[in-house]
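When we follow my numbering, the leftmost residue of the sequence shown carries the number 2, and every step to the right adds one. Shown next, in structure tokens, is the structure this report addresses.
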Amino acid sequence: MNRYIPLILVICLVTFMDYMDSTIIFIAGPAVSLFFEVGVSDGSWLVMGYDLILCAMLIPLSKLAKRGHARNMLIVGLSIFIVGTVMCFFSDFNYWVLIAFRVIEGIGAVLCAATLPILIVTMFPEDMQGRVTGAMLTGAGVSMILAPILGGWLTGEIGWQYIFLVNVPICIAALILSIRYVPKNTRSGRAHFDIKGMLLSVIFVVSMLMFFEDVVDGGLIVIAYAAVCVMSGCLLVLHIRAHGDNGIISHSILANKEFRILSTSMLLAVMLIEGMLFLIPYYLEIGWGMSAFESGVFYAIISVSVVFISIPVGRICETKGCRNVLTLGCILSAAFSLLFIFMEESWGSVILVLTLLTLGTAYAIYETAHYVRLIRHMPGPLKDEAATFGTMISFLGASLGVSIFDIFVDVAISQGLGTGFRFCCMVCIVMAALGAILTLSVRNMKDGAASESS
2 MNRYIPLILV
12 ICLVTFMDYM
22 DSTIIFIAGP
32 AVSLFFEVGV
42 SDGSWLVMGY
52 DLILCAMLIP
62 LSKLAKRGHA
72 RNMLIVGLSI
82 FIVGTVMCFF
92 SDFNYWVLIA
102 FRVIEGIGAV
112 LCAATLPILI
122 VTMFPEDMQG
132 RVTGAMLTGA
142 GVSMILAPIL
152 GGWLTGEIGW
162 QYIFLVNVPI
172 CIAALILSIR
182 YVPKNTRSGR
192 AHFDIKGMLL
202 SVIFVVSMLM
212 FFEDVVDGGL
222 IVIAYAAVCV
232 MSGCLLVLHI
242 RAHGDNGIIS
252 HSILANKEFR
262 ILSTSMLLAV
272 MLIEGMLFLI
282 PYYLEIGWGM
292 SAFESGVFYA
302 IISVSVVFIS
312 IPVGRICETK
322 GCRNVLTLGC
332 ILSAAFSLLF
342 IFMEESWGSV
352 ILVLTLLTLG
362 TAYAIYETAH
372 YVRLIRHMPG
382 PLKDEAATFG
392 TMISFLGASL
402 GVSIFDIFVD
412 VAISQGLGTG
422 FRFCCMVCIV
432 MAALGAILTL
442 SVRNMKDGAA
452 SESS
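Below, the structure is given as structure tokens:
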């Protein structure tokens, strides 16, 4: 076990960095929007500009990582991320310049993210992968506790620009450890970069996200986005079929019915959670009149559950399978959504804390159990690619969740932010119910075999 600790530390630091960046921008989002005088819709690009790159580039870059480029990609990615995050600090003169450097951050982040699933699947035995995934999510949870508090304090007391400096020492530490401990080759073989598949995937993801971003405004541009999305999606499917397991995504993965169902369930879960994580700071700061620091303190409560629950969830997945625990996650998602629908400011802090803890518990379950379950339902040669695909779903779900919930708020905003937020909560209940149905429709797997109770 001791020989794995340095590599686990690298994985945890890189995950810490990514979740720190994602969470701290949620807290600073309202302040940044007010500073540049942009609305909630344009403000969503603080998240979208970063996640869009991860969605579009993760799968093709993972192909390079699994063929022996993981170490170099991780080192280059951390270096680019450091440059991007420092430049974000100096971008307070123009909102879209800030978004451009957020995209550069995303390029660094996707290079790092493409290596992590490969390292987990190839460098650790199967009976450790659940715990390593749980440890990774615990690192994420710690960053998600610190990020709202630091972000709220920096935004309120010094300036939102300083949130981008928080990650710099973390990135430097991860870079040093990666150079020292990450093996030079995690997989042998000649590197193949599917340029056509990569371009189609980028066009598909970008056009889809742009469609959801602008659908409320309507017009010919939205129709154009939809047409490009459908066309590129069809071409991507044909491309994958033509190239079999040598394309951007192995055809064997998409041909697996159980994997398709599990991927859809995971996508719904991530959309639900990330959409709520995006809206809660706006609701607390604008709807309830909290300061950025107060909102950050309450937001950090979500992460407390992630820290304490992720590793136990990983252990349960290793021994009992993931189906029952994921069903519990769906129930908890419906529960916190229902509480938010009826919650009033007069109810006090205790109910708010309990609701946020429930959300955090569902988050920990989803992020750990879905990831492990996707890997379990793939044969050995495709486990690393299944892990990468799960990471891509996580980023895609985050972008779609932010975009779609932003649409719901825009539609209902004439009735007030609170009405839009409650409508989103009702959508969450429907999504949780669909997720539960999909989760229960797939056999349970534990220790590499189907559960006897399946």
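Note that the Cβ used here is the ideal one computed from N, Cα and C, for glycine as well.
- Between I105 and T116, the alpha-carbon positions lie close to 18 Å from each other.
- With contacts defined by Cβ atoms closer than 8 Å, V298 and G78 do not form a contacting pair.
- Judged by DSSP in its simplified three-state form, M446 adopts strand.
- Contact check between the region 82-101 and the region 135-145: fewer than three CB pairs, one atom from each, fall below 8 Å, which does not count as touching.
- Per DSSP, P118 is one residue of the alpha helix (DSSP H) stretching across 117-124.
- Around the beta carbon of G50, 16 or more other beta carbons lie within 10 angstroms, which makes this residue buried.
- The C-beta separation of G361 from V305 comes to about 6 Å, placing the pair in contact by the 8 Å criterion.
- Between the region 203-214 and the region 55-67 there are three or more inter-stretch CB-CB distances shorter than 8 Å, so the stretches are counted as touching.
- Across the set M432, I366, A32, the C-alpha of A32 shows the shortest separation from the C-alpha of L155.
- Rounded to whole angstroms, the separation of the alpha carbons of P313 and E319 is 10 Å.
- Distance check between M267 and each of N445, G436, E38 places G436 closest, using alpha-carbon atoms only.
- Scanning its chain for C-beta atoms nearer than 7 Å, with the 5 sequence neighbours on each side dropped, one finds around Y300 the residues I28, P149, I281, P282, in chain order.
- Counting along the chain, the unbroken alpha helix (DSSP H) around Q130 starts and ends at 127-154.
- In the structure shown, P184 falls within a coil segment according to DSSP collapsed to helix, strand and coil.
- Contact annotation: the region 384-396 touches the region 114-128, with at least three C-beta pairs closer than 8 Å.
- Counting only residues of its own chain and dropping the five nearest sequence neighbours on each side, R423 has a CB closer than 6 Å to the CB of I342.
- Counting along the chain, no alpha helix (DSSP H) covers D195, and no H or E run does either.
- The region 297-361 contains, as complete alpha helix (DSSP H) runs of 4+ residues, the segments 324-343 (chain order).
- Between the region 270-278 and the region 107-116, the count of Cβ pairs shorter than 8 Å is below three; the stretches do not touch.
- A direct Cα-to-Cα measurement between M379 and K67 gives close to 16 Å.
- DSSP places P380 in the coil class of the three-state scheme, outside both helix and strand.
- If the five residues before and after F409 are omitted, its C-beta is found closer than 7 Å to the C-beta atoms of G421, F424, C425, V428, all from its own chain and listed in chain order.
- F102 sits in a helix when the DSSP states are folded into three classes.
- Cα atoms of L358 and V308: separation of roughly 11 Å, rounded to the nearest angstrom.
- Three or more beta-carbon pairs separated by less than 8 Å are not found between the region 71-85 and the region 236-243, which leaves the two stretches without contact.
- In the displayed model, W97 falls within a helix according to three-state DSSP.
- In this structure, S80 keeps its C-beta atom at 8 Å or more from the C-beta atom of I262.
- DSSP places G107 in the helix class (H, G or I) of the three-state scheme.
- For E259, the uninterrupted alpha helix (DSSP H) run begins and ends at 258-283, by DSSP.
- The three-state reading of DSSP puts V428 in helix, counting H, G and I together.
- 8 Å or more divides the Cβ of L14 from the Cβ of L151.
- Excluding five sequence positions before and after I12, the CB atoms of its chain that fall closer than 8 Å to its own CB belong to L117, L120, I121, V133, A136, M137, G140, given in chain order.
- Contact annotation, V373 with C331: C-beta distance approximately 16 Å; criterion of less than 8 Å not satisfied.
- Ranked by Cα distance from I25, the first of V326, A336, N168 is N168.
- Per DSSP, H371 is not a residue of any alpha helix (DSSP H), being assigned neither H nor E.
- Take the alpha-carbon of L401 and the one of L210: they are about 7 Å apart.
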